[in-house]
Amino acid sequence: MAALGATVQLAAEVRDQNGQVMAGAAVTWTSGSPGVATVSASGLVTAVGNGTATITATAGSAAGSSTVTVAQADRAVLVALYEATNGAGWLENGGWLSDRPIGEWHGVTTAADGRVTALRLSASNLVGSIPPELGRLVRLETLDLERNRLAGRIPPAVGRLACLESLNVGVNPLRGGMPPELGALGRLEVLRLRRNDLTGPIPPELSNLRNLRRLGLERNRLTGSIPAGFLELERFQTLHFESNDGLCVSGSADFRAWLAGLEVYVGPLCDARDRAVLASLYEAGGGTDWIRSDGWLGDGPLGDWHGIDSDSLGRVVRVDLAGNAMTGRVPARLAQLGSLTSLRIGGNPGLGGPLPLS
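Each position in the sequence shown, counted from 1, maps to that position plus 116 in this note's numbering.
1) Where does R263 fall in DSSP's three states?
2) From this set, E358, S409, A395 and E379, which residue's C-alpha is nearest L385's C-alpha?
3) Which word fits D313, buried or exposed, when buried means at least 16 other C-beta atoms lie within 10 angstroms of its C-beta?
4) Give the secondary structure of S323 by DSSP, where H, G and I count as helix, E and B as strand, and everything else as coil.
5) What are the uninterrupted segments assigned as beta strand (DSSP E) that are 3 or more residues long and contained completely in the stretch 206-271, given in chain order?
6) Kindly indicate which residue of G176, A451 and A395 has the alpha-carbon position closest to the one of G140.
7) For T457, does the three-state DSSP call read helix, strand or coil?
8) Under the three-state reduction of DSSP, which class applies to S396: helix, strand or coil?
9) With DSSP as the reference, label R351 as helix, strand or coil.
10) Mark R431 as exposed unless 16 or more other C-beta atoms lie within 10 angstroms of its C-beta, in which case mark it buried.
11) Relative to the alpha-carbon of N440, which residue among L418, D415, L397 and S240 has its alpha-carbon at the smallest distance?
12) Hey, how far is the Cα of A400 from the Cα of L394?
13) According to DSSP, simplified to helix, strand and coil, what is A173?
14) Thinking C-beta only, is S282 closer than 8 Å to T315?
15) With DSSP collapsed to three states, give me the class of R311.
16) Between the stretch 155-166 and the stretch 201-210, do at least 3 Cβ pairs fall closer than 8 Å?
17) Could you tell me which residues DSSP puts in a beta bridge with V274?
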(Lines of atoms letter the chains of each structure in order from A and count residues from 1; the text may use other names and numbers.)
(Lines give C-alpha, C1' and ligand atoms only; values in the text may rest on other atoms or scores of the structure.)
Protein backbone atom coordinates (compact mmCIF):
# COMPACT_ATOMS: atom_id res chain seq x y z
CA MET A 1 0.00 0.00 0.00
CA ALA A 2 1.59 3.21 -1.20
CA ALA A 3 -0.36 5.98 0.51
CA LEU A 4 -2.26 6.74 3.68
CA GLY A 5 -5.94 6.18 3.14
CA ALA A 6 -5.32 3.47 0.56
CA THR A 7 -7.51 0.40 0.98
CA VAL A 8 -7.46 -3.27 0.09
CA GLN A 9 -10.26 -5.78 0.51
CA LEU A 10 -9.31 -9.11 2.10
CA ALA A 11 -11.46 -12.23 2.00
CA ALA A 12 -11.43 -15.35 4.18
CA GLU A 13 -12.75 -18.78 3.27
CA VAL A 14 -13.56 -21.17 6.13
CA ARG A 15 -13.39 -24.94 5.51
CA ASP A 16 -14.21 -27.88 7.73
CA GLN A 17 -11.90 -30.78 8.54
CA ASN A 18 -12.89 -32.44 5.30
CA GLY A 19 -11.94 -29.40 3.27
CA GLN A 20 -15.49 -28.39 2.54
CA VAL A 21 -16.38 -24.70 2.45
CA MET A 22 -18.48 -23.65 5.44
CA ALA A 23 -20.86 -21.10 3.95
CA GLY A 24 -22.00 -18.39 6.34
CA ALA A 25 -19.29 -19.04 8.92
CA ALA A 26 -18.68 -15.98 11.10
CA VAL A 27 -15.26 -14.38 10.61
CA THR A 28 -13.68 -11.84 12.95
CA TRP A 29 -10.99 -9.50 11.61
CA THR A 30 -8.24 -7.90 13.72
CA SER A 31 -5.13 -5.84 13.06
CA GLY A 32 -1.94 -6.46 14.97
CA SER A 33 -0.82 -2.85 14.36
CA PRO A 34 -3.86 -0.56 14.15
CA GLY A 35 -1.51 2.44 14.00
CA VAL A 36 -0.35 1.17 10.61
CA ALA A 37 -3.51 -0.40 9.17
CA THR A 38 -7.05 -0.84 10.42
CA VAL A 39 -9.46 -3.52 9.31
CA SER A 40 -13.25 -3.42 9.22
CA ALA A 41 -15.68 -6.19 10.10
CA SER A 42 -15.90 -7.04 6.40
CA GLY A 43 -12.11 -7.30 5.94
CA LEU A 44 -11.50 -3.88 4.36
CA VAL A 45 -7.96 -2.81 5.28
CA THR A 46 -7.13 0.92 5.42
CA ALA A 47 -3.59 2.31 5.59
CA VAL A 48 -3.20 4.83 8.42
CA GLY A 49 0.55 4.88 9.07
CA ASN A 50 3.92 3.76 7.81
CA GLY A 51 5.09 0.23 8.62
CA THR A 52 3.90 -3.38 8.61
CA ALA A 53 0.72 -4.82 10.11
CA THR A 54 -0.51 -8.40 10.47
CA ILE A 55 -4.20 -8.78 9.64
CA THR A 56 -5.81 -11.87 11.20
CA ALA A 57 -9.09 -13.56 10.31
CA THR A 58 -10.56 -15.80 13.04
CA ALA A 59 -13.45 -18.27 12.80
CA GLY A 60 -13.94 -20.29 15.95
CA SER A 61 -10.65 -22.00 16.75
CA ALA A 62 -9.31 -21.52 13.23
CA ALA A 63 -7.26 -18.48 12.22
CA GLY A 64 -5.31 -17.19 9.27
CA SER A 65 -3.22 -14.08 8.75
CA SER A 66 -1.81 -11.82 6.07
CA THR A 67 0.93 -9.20 6.29
CA VAL A 68 0.24 -5.71 4.94
CA THR A 69 3.04 -3.19 4.37
CA VAL A 70 2.35 0.52 4.12
CA ALA A 71 5.32 2.13 2.38
CA GLN A 72 4.55 5.81 1.84
CA ALA A 73 5.69 6.77 -1.63
CA ASP A 74 7.47 9.95 -0.50
CA ARG A 75 9.35 8.42 2.42
CA ALA A 76 12.25 7.23 0.26
CA VAL A 77 12.65 10.74 -1.16
CA LEU A 78 12.87 12.24 2.32
CA VAL A 79 15.41 9.62 3.32
CA ALA A 80 17.49 10.60 0.27
CA LEU A 81 17.35 14.26 1.34
CA TYR A 82 18.36 13.34 4.89
CA GLU A 83 21.33 11.30 3.69
CA ALA A 84 22.47 13.87 1.09
CA THR A 85 22.48 16.76 3.57
CA ASN A 86 23.92 15.13 6.73
CA GLY A 87 20.59 14.82 8.49
CA ALA A 88 22.28 13.60 11.66
CA GLY A 89 23.81 17.06 11.98
CA TRP A 90 20.63 19.09 11.40
CA LEU A 91 19.67 21.51 14.14
CA GLU A 92 16.29 19.78 14.33
CA ASN A 93 15.52 16.35 12.89
CA GLY A 94 12.74 15.11 15.13
CA GLY A 95 10.94 12.09 13.72
CA TRP A 96 13.18 11.67 10.70
CA LEU A 97 13.86 8.06 9.66
CA SER A 98 11.44 6.79 12.32
CA ASP A 99 8.34 4.67 11.68
CA ARG A 100 6.12 7.60 12.58
CA PRO A 101 4.02 9.03 9.73
CA ILE A 102 6.21 11.35 7.67
CA GLY A 103 3.81 14.20 8.38
CA GLU A 104 5.16 14.06 11.95
CA TRP A 105 8.75 14.49 10.81
CA HIS A 106 10.17 17.95 11.54
CA GLY A 107 9.52 20.41 8.71
CA VAL A 108 7.31 18.04 6.70
CA THR A 109 3.66 18.73 5.90
CA THR A 110 1.48 16.09 4.27
CA ALA A 111 -1.99 15.86 2.79
CA ALA A 112 -4.63 13.47 4.12
CA ASP A 113 -3.27 10.69 1.90
CA GLY A 114 0.25 11.10 3.31
CA ARG A 115 1.81 12.73 0.25
CA VAL A 116 4.27 15.54 1.04
CA THR A 117 2.94 19.02 0.27
CA ALA A 118 5.54 21.18 2.03
CA LEU A 119 9.17 20.94 3.14
CA ARG A 120 10.26 23.76 5.43
CA LEU A 121 13.85 23.26 6.57
CA SER A 122 15.27 26.78 6.51
CA ALA A 123 18.21 27.60 8.80
CA SER A 124 18.53 23.93 9.79
CA ASN A 125 22.22 23.31 9.00
CA LEU A 126 21.63 21.18 5.93
CA VAL A 127 25.11 20.46 4.53
CA GLY A 128 25.62 18.82 1.16
CA SER A 129 23.70 19.01 -2.10
CA ILE A 130 20.06 19.00 -3.15
CA PRO A 131 19.31 15.42 -4.24
CA PRO A 132 17.56 14.97 -7.60
CA GLU A 133 15.14 12.59 -5.89
CA LEU A 134 13.22 15.67 -4.70
CA GLY A 135 11.75 15.80 -8.19
CA ARG A 136 9.62 12.79 -7.22
CA LEU A 137 7.60 14.74 -4.64
CA VAL A 138 4.79 15.16 -7.14
CA ARG A 139 2.42 16.88 -4.70
CA LEU A 140 4.96 19.32 -3.25
CA GLU A 141 3.69 22.91 -3.11
CA THR A 142 6.30 24.60 -0.89
CA LEU A 143 10.06 23.97 -0.74
CA ASP A 144 12.01 26.16 1.68
CA LEU A 145 15.69 25.31 2.14
CA GLU A 146 16.95 28.86 2.71
CA ARG A 147 19.90 29.70 4.96
CA ASN A 148 21.69 26.37 4.93
CA ARG A 149 25.00 25.18 3.49
CA LEU A 150 23.75 23.54 0.33
CA ALA A 151 26.41 23.45 -2.38
CA GLY A 152 26.52 22.16 -5.92
CA ARG A 153 23.89 22.91 -8.53
CA ILE A 154 20.13 23.20 -8.46
CA PRO A 155 19.11 19.82 -9.92
CA PRO A 156 17.07 20.02 -13.14
CA ALA A 157 14.73 17.44 -11.57
CA VAL A 158 13.21 20.27 -9.53
CA GLY A 159 11.46 21.22 -12.76
CA ARG A 160 9.29 18.11 -12.40
CA LEU A 161 7.53 19.48 -9.29
CA ALA A 162 4.36 20.38 -11.18
CA CYS A 163 2.45 21.46 -8.06
CA LEU A 164 5.19 23.72 -6.68
CA GLU A 165 4.04 27.23 -5.78
CA SER A 166 6.98 28.50 -3.72
CA LEU A 167 10.68 27.65 -4.14
CA ASN A 168 13.19 29.21 -1.75
CA VAL A 169 16.81 28.06 -1.78
CA GLY A 170 18.32 31.46 -1.04
CA VAL A 171 21.37 32.13 1.15
CA ASN A 172 23.29 28.97 0.24
CA PRO A 173 26.56 28.45 -1.67
CA LEU A 174 24.74 26.98 -4.68
CA ARG A 175 26.66 27.47 -7.92
CA GLY A 176 26.29 27.04 -11.66
CA GLY A 177 23.51 28.27 -13.87
CA MET A 178 19.81 28.43 -13.24
CA PRO A 179 18.36 25.25 -14.79
CA PRO A 180 16.00 26.07 -17.69
CA GLU A 181 13.78 23.24 -16.42
CA LEU A 182 12.49 25.67 -13.78
CA GLY A 183 10.41 27.15 -16.58
CA ALA A 184 8.17 24.07 -16.42
CA LEU A 185 6.86 24.99 -12.95
CA GLY A 186 3.55 26.33 -14.21
CA ARG A 187 2.08 26.95 -10.74
CA LEU A 188 5.13 28.69 -9.30
CA GLU A 189 4.37 32.04 -7.67
CA VAL A 190 7.50 32.73 -5.63
CA LEU A 191 11.11 32.01 -6.65
CA ARG A 192 13.88 33.06 -4.26
CA LEU A 193 17.48 32.29 -5.24
CA ARG A 194 19.17 35.24 -3.54
CA ARG A 195 22.68 35.20 -2.07
CA ASN A 196 24.07 32.15 -3.81
CA ASP A 197 26.93 31.81 -6.30
CA LEU A 198 24.78 31.36 -9.40
CA THR A 199 26.30 32.37 -12.74
CA GLY A 200 25.25 32.93 -16.32
CA PRO A 201 22.07 34.47 -17.75
CA ILE A 202 18.47 34.04 -16.71
CA PRO A 203 17.07 31.21 -18.86
CA PRO A 204 14.41 32.55 -21.26
CA GLU A 205 12.28 29.55 -20.21
CA LEU A 206 11.49 31.40 -16.98
CA SER A 207 9.20 33.57 -19.10
CA ASN A 208 6.84 30.56 -19.10
CA LEU A 209 6.11 31.02 -15.38
CA ARG A 210 2.73 32.65 -15.96
CA ASN A 211 1.80 32.63 -12.27
CA LEU A 212 5.10 34.08 -11.03
CA ARG A 213 4.64 37.03 -8.68
CA ARG A 214 7.98 37.40 -6.88
CA LEU A 215 11.55 36.80 -8.04
CA GLY A 216 14.63 37.29 -5.86
CA LEU A 217 18.01 36.96 -7.57
CA GLU A 218 20.10 39.50 -5.68
CA ARG A 219 23.73 38.94 -4.71
CA ASN A 220 24.69 36.23 -7.18
CA ARG A 221 27.02 36.41 -10.19
CA LEU A 222 24.36 36.44 -12.87
CA THR A 223 24.89 38.19 -16.20
CA GLY A 224 22.83 39.36 -19.15
CA SER A 225 19.42 40.98 -18.95
CA ILE A 226 15.91 40.19 -17.80
CA PRO A 227 14.30 38.18 -20.66
CA ALA A 228 11.85 40.06 -22.87
CA GLY A 229 9.21 37.42 -22.14
CA PHE A 230 8.85 38.82 -18.61
CA LEU A 231 6.84 41.64 -20.16
CA GLU A 232 4.02 39.10 -20.61
CA LEU A 233 3.91 37.97 -16.96
CA GLU A 234 0.65 39.60 -15.94
CA ARG A 235 0.78 38.59 -12.26
CA PHE A 236 4.38 39.66 -11.67
CA GLN A 237 4.83 42.13 -8.79
CA THR A 238 8.28 42.08 -7.17
CA LEU A 239 11.79 41.85 -8.65
CA HIS A 240 15.12 41.97 -6.80
CA PHE A 241 18.26 41.48 -8.90
CA GLU A 242 20.84 43.90 -7.49
CA SER A 243 24.50 43.04 -6.81
CA ASN A 244 25.18 40.65 -9.69
CA ASP A 245 27.87 40.57 -12.40
CA GLY A 246 26.13 42.85 -14.87
CA LEU A 247 22.57 41.52 -14.69
CA CYS A 248 20.29 44.37 -15.69
CA VAL A 249 16.91 45.24 -17.13
CA SER A 250 16.52 46.87 -20.53
CA GLY A 251 16.14 50.62 -20.57
CA SER A 252 13.70 50.45 -23.48
CA ALA A 253 10.33 52.17 -23.32
CA ASP A 254 8.49 48.84 -23.00
CA PHE A 255 10.57 47.70 -20.05
CA ARG A 256 10.38 51.09 -18.36
CA ALA A 257 6.59 50.93 -18.55
CA TRP A 258 6.68 47.38 -17.19
CA LEU A 259 8.89 48.38 -14.26
CA ALA A 260 6.58 51.27 -13.46
CA GLY A 261 3.75 48.79 -13.01
CA LEU A 262 5.58 46.62 -10.48
CA GLU A 263 5.05 46.98 -6.75
CA VAL A 264 8.79 46.69 -6.05
CA TYR A 265 11.91 46.40 -8.17
CA VAL A 266 15.52 46.78 -7.05
CA GLY A 267 18.32 46.51 -9.59
CA PRO A 268 20.07 48.44 -12.35
CA LEU A 269 18.88 49.41 -15.80
CA CYS A 270 21.15 48.28 -18.62
CA ASP A 271 21.51 51.89 -19.74
CA ALA A 272 22.52 53.27 -16.32
CA ARG A 273 26.22 53.72 -17.09
CA ASP A 274 25.57 55.11 -20.57
CA ARG A 275 23.09 57.58 -19.10
CA ALA A 276 25.76 58.83 -16.68
CA VAL A 277 28.31 59.11 -19.51
CA LEU A 278 25.93 61.17 -21.65
CA ALA A 279 25.19 63.41 -18.67
CA SER A 280 28.93 64.11 -18.37
CA LEU A 281 29.06 64.89 -22.11
CA TYR A 282 26.18 67.32 -21.70
CA GLU A 283 27.86 69.08 -18.79
CA ALA A 284 31.35 69.16 -20.32
CA GLY A 285 30.06 70.11 -23.76
CA GLY A 286 27.93 73.11 -22.81
CA GLY A 287 24.63 71.30 -23.22
CA THR A 288 22.50 74.19 -22.01
CA ASP A 289 23.55 76.14 -25.12
CA TRP A 290 23.20 73.38 -27.71
CA ILE A 291 21.02 74.00 -30.72
CA ARG A 292 19.11 70.78 -30.00
CA SER A 293 19.01 69.08 -26.61
CA ASP A 294 15.47 67.74 -26.52
CA GLY A 295 15.15 64.73 -24.22
CA TRP A 296 18.58 65.16 -22.66
CA LEU A 297 18.86 64.50 -18.91
CA GLY A 298 15.23 63.36 -18.85
CA ASP A 299 14.00 60.03 -17.52
CA GLY A 300 12.94 58.69 -20.90
CA PRO A 301 14.79 56.04 -22.94
CA LEU A 302 18.17 57.21 -24.23
CA GLY A 303 16.96 56.59 -27.76
CA ASP A 304 14.57 59.53 -27.25
CA TRP A 305 17.43 61.94 -26.57
CA HIS A 306 18.37 64.08 -29.56
CA GLY A 307 21.19 62.57 -31.58
CA ILE A 308 21.23 59.24 -29.72
CA ASP A 309 20.43 55.79 -31.07
CA SER A 310 20.23 52.82 -28.71
CA ASP A 311 19.92 49.04 -28.93
CA SER A 312 17.20 46.81 -27.48
CA LEU A 313 18.75 47.09 -24.01
CA GLY A 314 18.84 50.88 -24.17
CA ARG A 315 22.61 51.07 -24.57
CA VAL A 316 24.05 53.78 -26.80
CA VAL A 317 25.18 52.61 -30.24
CA ARG A 318 25.32 55.96 -32.07
CA VAL A 319 25.95 59.57 -31.10
CA ASP A 320 25.34 62.27 -33.73
CA LEU A 321 25.73 65.79 -32.35
CA ALA A 322 27.52 67.26 -35.35
CA GLY A 323 26.97 70.99 -35.83
CA ASN A 324 25.12 71.36 -32.54
CA ALA A 325 27.07 74.28 -31.01
CA MET A 326 28.94 72.08 -28.56
CA THR A 327 31.70 73.76 -26.55
CA GLY A 328 34.28 72.77 -23.94
CA ARG A 329 36.21 69.49 -24.04
CA VAL A 330 35.26 65.94 -24.91
CA PRO A 331 35.07 64.05 -21.59
CA ALA A 332 37.29 60.99 -21.16
CA ARG A 333 34.27 59.08 -19.87
CA LEU A 334 32.98 58.87 -23.43
CA ALA A 335 35.20 55.78 -23.78
CA GLN A 336 32.86 53.98 -21.38
CA LEU A 337 30.13 53.71 -24.01
CA GLY A 338 30.89 50.05 -24.58
CA SER A 339 28.32 49.48 -27.35
CA LEU A 340 29.08 52.65 -29.32
CA THR A 341 29.71 52.05 -33.03
CA SER A 342 29.37 55.58 -34.46
CA LEU A 343 30.38 58.99 -33.09
CA ARG A 344 29.78 62.25 -35.00
CA ILE A 345 30.66 65.45 -33.16
CA GLY A 346 32.28 67.44 -35.98
CA GLY A 347 31.16 70.92 -36.92
CA ASN A 348 31.45 72.13 -33.34
CA PRO A 349 34.38 74.61 -33.46
CA GLY A 350 34.06 75.36 -29.75
CA LEU A 351 34.64 71.73 -28.81
CA GLY A 352 38.21 70.58 -28.21
CA GLY A 353 40.37 67.87 -26.67
CA PRO A 354 41.37 64.39 -27.86
CA LEU A 355 38.86 61.70 -28.57
CA PRO A 356 39.04 59.18 -25.72
CA LEU A 357 40.28 55.71 -26.59
CA SER A 358 38.01 52.82 -25.67
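All C-beta atoms, glycine included, are put in the ideal place defined by N, C-alpha and C.
These figures come from a predicted structure and were not determined experimentally.
Put simply:
1) Within the sequence shown, residue 263 is the residue found at index 147, counting from 1. In the structure shown, R263 sits in coil (DSSP, three-state: anything other than H, G, I, E or B).
2) Numbered from its first residue, the sequence shown carries residue 385 at position 269. Closest option to L385, judged by alpha-carbon separation, among E358, S409, A395 and E379: E358.
3) Position 197 of the sequence shown, counted from the start, is the residue given in the question as residue 313. Under this definition D313 is an exposed residue.
4) Position 207 of the sequence shown, counted from the start, is the residue given in the question as residue 323. When secondary structure is reduced to three states using DSSP, S323 falls in the helix class.
5) For the stretch 206-271, whole beta strand (DSSP E) runs of length 3 or above, ordered along the chain, are 224-226, 232-236, 243-245, 258-260 and 265-267.
6) Locating residue 140 in the sequence shown gives position 24, where the first residue counts as 1. Here the closest residue by C-alpha is G176.
7) The count along the sequence shown starts at 1 and reaches residue 457 at position 341. When secondary structure is reduced to three states using DSSP, T457 falls in the coil class, being assigned neither helix nor strand.
8) Taking the sequence shown and counting its residues from 1, the one referred to as residue 396 is at position 280. It is helical.
9) Counting from one through the sequence shown, the residue named residue 351 turns up at place 235. DSSP places R351 in coil when its eight states are reduced to three.
10) Walking along the sequence shown from the start, residue 431 turns up at place 315. By the Cβ-count criterion, R431 is buried, with 16 or more other Cβ atoms from all chains shown falling within 10 Å of its own Cβ.
11) Position 324 of the sequence shown, counted from the start, is the residue given in the question as residue 440. Of the listed residues, the one whose Cα sits closest to N440 is L397.
12) Locating residue 400 in the sequence shown gives position 284, counting from the first residue. Locating residue 394 in the sequence shown gives position 278, counting from the first residue. For A400 and L394, the gap between their C-alpha atoms comes out near 10 Å.
13) As a first step, residue 173 is located in the sequence shown; it is residue number 57 there, counting from the start. In the structure shown, the three-state DSSP call for A173 is strand.
14) By 1-based counting over the sequence shown, the position of residue 315 is 199. By 1-based counting over the sequence shown, the position of residue 282 is 166. No.
15) Numbered from its first residue, the sequence shown carries residue 311 at position 195. Here R311 carries a coil assignment [DSSP, helix/strand/coil].
16) When C-beta atoms of the stretch 155-166 are compared with those of the stretch 201-210, fewer than three pairs fall below 8 Å, so the two segments do not count as touching.
17) If you number the sequence shown from 1, residue 274 lands on position 158. Under DSSP, no beta-bridge partner is assigned to V274.
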